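Below is one structure, written out as structure tokens; the observations come after it.
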Amino acid sequence: MCSVGDAFNIEIQALDAKWYKCGDCKNEFRCVSVKTKLECPSCHSSNVSKQYKE
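Using the numbering used here, read the sequence shown as starting at 220 and increasing by one per residue.
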């Protein structure tokens, strides 16, 4: 395991991850990104849509 930078004492109760689906390779993945432009982790396409499955 590698640690970079300062250590913070942060307690995370739960992450609010959303489901997304790539329009190019049909990969479904969860993401907690705060970016406005998401990319598929498999093919790096920006053709990504939000899914509503839990």
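Where a beta carbon is used, it is the ideal one built from N, C-alpha and C, also for glycine. Bear in mind that the values here come from a model prediction, so they are computed numbers and not experimental data.
By the 10 Å Cβ neighbour count, where 16 or more other Cβ atoms means buried, how is Cys241 classified, buried or exposed?
Mapped onto the sequence shown, residue 241 falls at position 22. So Cys241 ends up on the buried side.
Is Val251 helix, strand or coil when you go by DSSP?
Taking the sequence shown and counting its residues from 1, one reaches residue 251 at position 32. Coil at Val251, not helix or strand.
Are there 16 or more other CB atoms within 10 angstroms of the CB of Tyr271, so buried, or fewer, so exposed?
Taking the first residue of the sequence shown as 1, we reach residue 271 at position 52. Exposed, since its Cβ has fewer than 16 Cβ neighbours within 10 Å.
Between the C-alpha atoms of Thr255 and Ser261, what's the straight-line distance to the nearest angstrom?
As a working mapping, residue 255 is identified with position 36 in the sequence shown. As a working mapping, residue 261 is identified with position 42 in the sequence shown. One C-alpha to the other measures close to 18 Å.
Could you give the DSSP three-state label for Ser268: helix, strand or coil?
Counting from one through the sequence shown, the residue named residue 268 turns up at place 49. Reduced to three states, the DSSP call for Ser268 is strand.
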